[in-house]
Structure formats: structure tokens, C-alpha cells
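Its first residue numbered 330, the sequence shown is counted upward by one per residue in my numbering. Here's the structure, in C-alpha cells; my notes come after.
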Amino acid sequence: MKTIISILCLLCLITYSEKSIAQESKSSLLFSGILSHYIRSGEKSSVEGFYNYPVDPGLEIVYQYKLNNSFFISSGINFQHGRIANYKHSEDRLRFNELSIPLVAKAMLYSGIKSQFYISSGISLGWLTGFDWESPDSADNWKRVDYRYDEDDYSGDNFFIDILFSPGVAFKSGKNGFSVAPYFNFRLNDYWIGSFREKFYYGIKMNYQLNLQKK
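This is the structure in C-alpha cells:
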């Protein structure tokens, strides 16, 4: 009997929740354009072609599920292109591509008729998928580094883990919506390019939310 009563109470709660969200979809796809900046761990250089403040593009597609009016979870795939130039024992510049899988929880702090304010946090697991490494020669022409012989910096470890944090503002547009969210990530575990950059990096995401039709 207690089990039946519990089930009935749960069904009533679900029914009430469905009415309270005014036919909004519980699931959605988020398509994001990203701009990211990685911070060098050393000094700048005056050599022409040195990346002084690189900002690079990325893309993300995630599936988001609405647990209730205030909480969401999401996961998907993220592709990020990046550049870093550093001057420590030598001048180096690198271009790299990363592929990762984020797992994120989002909490709605304010929800109005047309706008919302939220924070999100999570973890991301990823891999380096390709890179170019260059250093200048005596004439300051950038030449590709044969990384196989640079044992001080290069290793075959390409796996990383990020801690994710982002506040954001969302705007409703018909059945769908869009949002703008600066982000601040901390690389908990980096691969070998971590010797050229700091663990903290940041950027901004511009998201388009496509709400899926309820079955």
C-alpha cells in the first residue's frame, strides 16, 4: 500500500511539473560557437609571427535534459582549435586541436518572461587530435620542430581533464532560444603541451538552443 501511495504521489508531482513548465520541451540540442584564449607560461617575444594574444575558434554540440524548472544536465562533443606561443629556454609556437566530451550540470538562478540567468559547472575529458610545432631559425623564420628529438617537452600523452565553470544569460526566441556565456576552465590534468601554457584558460560561448518536440 505504501508503494502504491508513493507511486501516485510521484505521478501527481510529475503531472504538476509538466503543467508548470507550460509545454516547454524537457530536452534540447545546444549548438555553440566558441572563442578561447590559452595563457602562456613564459614570456613574450618580439619575433614576427609570435602569438601575443591568440583567440581561437571552437564548436560544441550537446544534448540537454531538463530535470525540473531549475536544473539541467547535458553532455555532447566539443572541438577546439588553439594556439600558444611561449618564450622560455627557446621561442616556440604551437597550433593544436582538441576533442573532448563535457558532462555539465546547470542551475537556473533567475527566470523571467524573456530572459534567464544561470550558472553551469562540470567536467570534461578530452584528447589532443593534432598539432604543429615551430621555432624560429637564425633569420627569425619559423621552422617546424622535429618533436621526436625534443624529449624535454614532448611525450606521447595526449589525454586531458578540465574542470568547467560558466555563468550565462539566455534569451527566449519563440520555441527556441540563445544564450551568451563567458567560461573559465581549469585543466586538472594536461598533456605535454601543458609545459607551454598555464592550467587556467577562458573564453566565451554563443549558444543556440533547439528545443526538441515532446513525444
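Heads up, the beta-carbon is just placed ideally off N, CA and C, and yes, glycines get one too. All figures in this text were calculated on a predicted structure; none of them were measured in a lab.
Within-8 Å CB hit, residue i to chain E
i: residue 376; result: Of the protein chains in the structure, only one exists, and it is not chain E.
DSSP-derived helix/strand/coil call for residue i
i: residue 506; result: strand
i: residue 379; result: coil
i: residue 336; result: Any reading at residue 336 needs caution, since the residue's pLDDT is 39, under 50, leaving its predicted position unreliable; the model's value is listed next. Residue state, collapsed to three classes: helix.
i: residue 523; result: helix
i: residue 483; result: coil
i: residue 350; result: Because the pLDDT at residue 350 is just 39, under 50, the model does not fix this residue reliably, and the value given afterwards should be weighed accordingly. Residue 350 falls in the coil class under three-state DSSP.
Distance between residue j and residue i (C-alpha atoms, nearest Å)
i: residue 530; j: residue 366; result: 6 Å
i: residue 433; j: residue 451; result: 4 Å
i: residue 369; j: residue 381; result: 9 Å
i: residue 458; j: residue 442; result: 42 Å
i: residue 422; j: residue 526; result: 11 Å
i: residue 420; j: residue 535; result: 33 Å
i: residue 379; j: residue 470; result: 11 Å
i: residue 462; j: residue 427; result: 15 Å
i: residue 498; j: residue 506; result: 11 Å
i: residue 354; j: residue 437; result: 16 Å
i: residue 539; j: residue 390; result: 11 Å
i: residue 350; j: residue 398; result: Since pLDDT at residue 350 reaches only 39, below the 50 mark, its modelled position is unreliable, and no value is offered.
i: residue 424; j: residue 456; result: 14 Å
i: residue 476; j: residue 363; result: 29 Å
i: residue 474; j: residue 509; result: 38 Å
i: residue 405; j: residue 431; result: 6 Å
i: residue 537; j: residue 409; result: 18 Å
i: residue 460; j: residue 483; result: 12 Å
Cβ distance (whole Å) where residue i is taken to contact residue j below 8 Å
i: residue 496; j: residue 448; result: 5 Å
i: residue 388; j: residue 429; result: So it is not a contact: roughly 12 Å between Cβ atoms.
i: residue 392; j: residue 403; result: 6 Å
i: residue 515; j: residue 492; result: 5 Å
i: residue 512; j: residue 494; result: 7 Å
Exposure of residue i, with buried meaning 16 or more beta-carbon neighbours within 10 Å
i: residue 414; result: buried
i: residue 542; result: exposed
i: residue 385; result: buried
i: residue 359; result: buried
i: residue 411; result: buried
i: residue 401; result: buried
i: residue 407; result: buried
i: residue 395; result: buried
i: residue 472; result: exposed
i: residue 357; result: buried
i: residue 361; result: buried
Cβ-heavy atom distance, residue i to the ligand FAD, below 7 Å
i: residue 488; result: The ligand FAD is not part of the structure shown, which contains no ligands of any sort.
Answer yes if the stretch 459-467 comes into contact with the stretch 489-503, meaning at least three C-beta pairs across the two stretches below 8 Å, and no otherwise. no
Across the stretch 373-387 and the stretch 518-528, are there enough close Cβ pairs to call them in contact, namely three or more that are closer than 8 Å? no
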